[in-house]
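The structure under discussion appears below in the form of C-alpha cells.
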Amino acid sequence: MSKEVLSVKNLNMHYETLSGDVHAVKDVSFSVKEGESFGLVGESGCGKTSVAMSLLQLQADNAKISSGSIQLDGVELVGMNESELRKVRWDGISIVFQGAMNAWNPVVKVGEQIREAIREHYPEKSKAENTEKIESLFKMVGLDAAVIDRFPHELSGGMKQRAIIALALSCDPKVVIADEPTTALDVVIQDQILNEIKKVQQLLGLSLIYISHDIAVIAEMTDQMAVMYAGSIVEIGPTEKVFSTPKHAYTRLLLESTPSVVGEKKKLRSLDGEPPSLINEIIGCSFSPRCPDPSSDCENPIKEMGLVEIEPGHFADNCCVDCG
Amino acid sequence: MGEYIIKRTLQMTVVFFLFLVFSYLLFNAIPGNAFSNLLLNPDLPPDAYNRVLELYGLDKPLFERLQLYIVNFFKGDFGYSYKSFPKTPIELISERLPRTLMLFAIVNIVSFYTGFFIGKILAWRRGSQSETWITLTSVFSYTVFYPWFALMMLWVFGYKLGWLPIGKFLYPEKWYDAPFDSDIVFSSMIKFTIVVSLIQFAAYLATRGIESLSSRRNLRFASLIAIFIGSYFYWNNGAALIKKPYAADIAYHMILPVMVVTIVAFAGTALLTRTTMMEVLKEDYILTARAKGISQKRIRDRHAARTALLPVVTSFIFTIVTIIDGSVLTEQIFSWPGMGQLLLQSVLEEDIPVAMACFSFVGVFALVAHLLADISYSYLDPRIRIKSQG
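Protein sequence lines, in the order shown, are assigned to chains D and X.
Residue numbering for the first sequence follows numbering that gives the first Met the number 0, beginning at 0 and increasing consecutively.
Residue numbering for the second sequence follows numbering that gives the first Met the number 0, beginning at 0 and increasing consecutively.
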C-alpha cells in the first residue's frame, strides 16, 4: 500500500461576514495516497472550492480555519506563516483553477509566467534549464513550444487550459488540485483536457484532487471520491463502490439526476428545495429538509451525526444511509 | 507599424493645418492690434500709425495675411515679434522653453512616480487606517484651489520660514560676473538629466534578461550607484565645475515650484492608480500568482501594478500635453520666466507671430504626445496591437 501524501483531518473553515459566520467547511477529513486521484463532488456552494483554497490557504481574508489539520508528507500546514506557506505553494501543492481564461496575467508572456513560478522555488536553475523544462511540459500536454513566447490572449481556451496544466506541473508538485478545470470549455475540448490530465497523472504518478460538480467526470477520473453537501462530506469511499452501491440518499439522488448513455432509459430525478444556508448552525441532519423520504428519526437533534463505515473504506453519513 | 505612423502623421498634418487657420483667425478676432496704443500717443503724427501697420503688413486684408502666414509657416519662417522687433519667435521660444521643460519634466516625473507608488500602496492596504488618511489627503490636494495653495506655500516657505526663494529662477546678483548665460547652464542641466535617464533606462534594458532575481536587483542597484558616482565626478571636473554654483542656484530656485506642483499633481495619479489597481486585485490571475508562491511585493508590482498601468499612463500623457498651457499659472505665481509667461504676455500684447508660434508648439506637442501614447499602449498591453493594414 502506497503512503499517504496529503491527509486532512477534521478541517473546519468559516467566512466571517457581516450577517454572521458562514461555515463553509465542516469537519472534513480525507486523505490522498501517492499516485492516487481523489474526487470531490457536490453542488455549487457546497464548499468544494473552499476545501481546495484551505489546502493552499489561499482563502479570502475573511476566511478562518478554526480547527483541524492539513498534513502534506507529515508536515502540518495549518498555522504556518506566510513565508513558509509560499514554499509549500506550487512546490508541494499546485492548483489548476476553474476558468483558465482569467488565470493568466494578460500582459505577461505565458512562458514568463511559468518561468516565474520555477524561479521562485528553484532560483539556482539557469534560463536554458527552465526553457527546456517548460518545453518538455508543453510537449506533455500537447502544446507547441512556440507558445512560450505567446501572450495569453493569443491562445484558444483549450490551449490556455493545457498551458495551465503545464504551469501546475512546473515545480513537480506532490499534489495537484484540479478545481473544475473544464468548466469554461466545450464538450470536445473538455474530453481532450480530461484525457490530458489523466495521462499526465499516470505518467508522473501524481496525487490528484479533482473537484467537480459533474459526477460523470469524477467517475472517469478518480480512484477515491467524496460527496459533499452543505460543507461536510456525506459519503466517501472508492469511486467504484460509491457508484455501484451508493449509501447516502444525496449520492443516490445525484446519480439518478445524471443521464446514462448505456442501459434502459430512466426518468431523471431532480431535487426540490435548495441547500441550507450555512450561516445558521444546522442541528441534526443537514439533508433532511430535502430528503424525499426522511425517517422520523431524521430531525431528532440528539441523534449522533457522523460518518459510519459501511464496508471497508466506504463511509457514509449515518443519518441518511437508509432513507431516500 | 511604420505604415500606421505614416498614416497618423498625414492625419496630424491636416489637423495641424486646421489648428493653424483657426488659431490665426481667433487672434485676429481680438479687437484692435498690437499697435493700437500708438493712436493714444498725442506726440505722434497720425500718419505714423498707418506707416507702422504697413511696415508689419497689417494693412493687408485678413485673408491675404492668413495665406501668407500659412505659406511662410511651412517654409519655416515665423515672422518677427511685434514687440521685441529684431527677435524672431523662434529665438524667444528657444530662450524660454528649456526653463519650462526643465521645471515641468521634473515635476511630471516626480509626481508620476510618487503618485503611482502611493496609489499602489493604497490599493494594496485597502481598508487600513493609513489608507483612509492618505486617500483623504490625496483628495484634498487633488481638489484644492491651486493658486491659493501655491500662494500659501510661498507664504509659509518663502516668507514665514524663509527657507526658499520667493520667485524668479535665479539670484541675479550671483550672476553679475558669470562667464555665461543662464541658458547655457540650463541646457547643460537638461542634457545631464537626459543622459542620466538614458543610462538608467539602458541599464534596465540590459538587466532584463537575467534569470536570477537577486542578481538582477543587485546589478540594477550597482548601476544606480555608478550613476551617482559618475554624476559626482561630472559636476566636479572640467567645464561642469565652473557651471556648478550656477546650476545649484537654479536648482535651489526650482525646489518650491517643483514641490507645490507635485503635491497638486501626484494626487490624480495616485487616486487613479488606486482605483484601477483595486479592480485588478480582484482578478483571477492575482490568485494564480499567490498560489504560485510568489512574494507579496512581486505580486503587487509585477502582476497588479503592471496591469493597472495603462489607464494611468493615458492620463499621464494627457497631463504632459498640458505642460505648456498649464505652466501659465505656475510661472505667473512663481515669476518663472518660461513659456507660460511668454504665451500669456504675447497674447495680452497681441504679439501675433509670437503667440502663434507658442500655440503651434503646444499643438505639435499635443499631437506628437498622442501619437506616442498610442504607440506606447501596444507595449504596455499586448492585447492592443496596431494593425498595419486598414
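Cβ coordinates follow ideal geometry from the N, Cα and C atoms, glycine included.
Following the DSSP letters along the chain, one finds H247(D) in no beta strand (DSSP E), marked with neither H nor E. For V95(D), the pairing in a beta bridge is given by DSSP as A177(D). Taking R219(X) as the centre and dropping the five residues before and after it, the same chain places the C-beta of T206 closer than 6 Å to its C-beta, in chain order. Put simply, the CB of L166(D) is near chain X, with a gap under 9 Å to one of its CB atoms. K266(D) sits in coil when the DSSP states are folded into three classes, being neither helix nor strand. The C-beta distance from L19(X) to S359(X) rounds to 7 Å, short enough to fall under 8 Å. Legend: CB atoms of the segment 273-304 of chain X lying less than 9 Å from CB atoms of chain D belong to residues E282, D283, Y284, I285, L286, T287, A288, R289, A290, K291, G292, I293, S294, Q295, R297, R301 and H302. Proximity of chain D to D248(X) at the Cβ level (cut-off 8 Å) is not reached, the minimal Cβ distance being about 44 Å. Under a 10 Å Cβ-count criterion, Y231(X) is classified as exposed, with fewer than 16 other Cβ atoms of the shown protein chains found around its own Cβ.
In the structure shown, the three-state DSSP call for G362(X) is helix. The alpha-carbon separation between P311(D) and E35(D) amounts to approximately 18 Å. Distance check between I241(X) and each of G337(X), F227(X), S181(X) and S211(X) places S181(X) closest, using alpha-carbon atoms only.
The criterion of a C-beta distance shorter than 9 Å is satisfied by V257(X) and I105(X). Counting only Cβ-Cβ distances below 7 Å, A102(D) has contacts in chain X at D283, Y284 and T287, in chain order.
Selection D42(X), I298(X), E130(X) and I165(X) evaluated against Q331(X) yields I165(X) as nearest (Cα-Cα). In the DSSP annotation of this structure, E35(D) is not part of any alpha helix (DSSP H), being labelled neither H nor E. Looking at the DSSP output, P237(D) bridges to Q223(D). Judged by beta-carbon spacing, S206(D) lies within the 9 Å limit of F37(D), meaning their Cβ atoms are closer than that value. Rounded to whole angstroms, E348(X) and K82(X) show a C-alpha spacing of 8 Å. With 16 or more other CB atoms across the displayed protein chains lying within 10 angstroms of its CB, V233(D) is buried. Apart from sequence neighbours up to five positions away, the residues of its chain that approach C357(X) with a beta-carbon distance below 8 Å are P88, I92, I323, M338, L341, L342 and S345, ordered along the chain. At a cut-off of 9 Å between beta-carbon atoms, S375(X) makes no contact with chain D. Per DSSP, A266(X) has no beta bridge partner at all. For the segment 173-186 of chain X, there are no residues whose beta carbon sits under 9 Å from a beta carbon of chain D. Counting the other CB atoms within 10 Å of its CB gives E179(D) a total of 16 or more, which places it among the buried residues. In the DSSP annotation of this structure, the continuous segment of the alpha helix (DSSP H) that includes E119(D) starts and ends at V109 to H120. Of all residues in the segment 97-128 of chain X, none comes within less than 8 Å of chain D when Cβ atoms are compared. R124(X) counts as exposed, since fewer than 16 other beta carbons sit within 10 angstroms of its beta carbon. In the DSSP annotation of this structure, V77(D) is not part of any alpha helix (DSSP H), being labelled neither H nor E.
When C-beta distances to chain D are compared with 8 Å, the residues of the segment 207-226 of chain X below that value are G208, E210, S211, L212 and S213, in chain order. Nearest Cα to N194(D) within the set L84(D), D60(D) and T221(D): T221(D). Here V138(X) is exposed: its Cβ has fewer than 16 other Cβ atoms, across all protein chains shown, within 10 Å. Residues L52 of the same chain have their beta carbon placed closer than 6 Å to that of D58(X), with the five preceding and five following residues left out of the count. Interface with chain X (9 Å Cβ-Cβ cutoff): K173(D) is excluded. Around I316(X), the same chain offers A368 and A372 as residues with beta carbons nearer than 6 Å, after the five sequence neighbours per side are excluded. When CB distances to chain X are screened at a threshold of 8 Å, not a single residue of the segment 27-48 of chain D falls below it.
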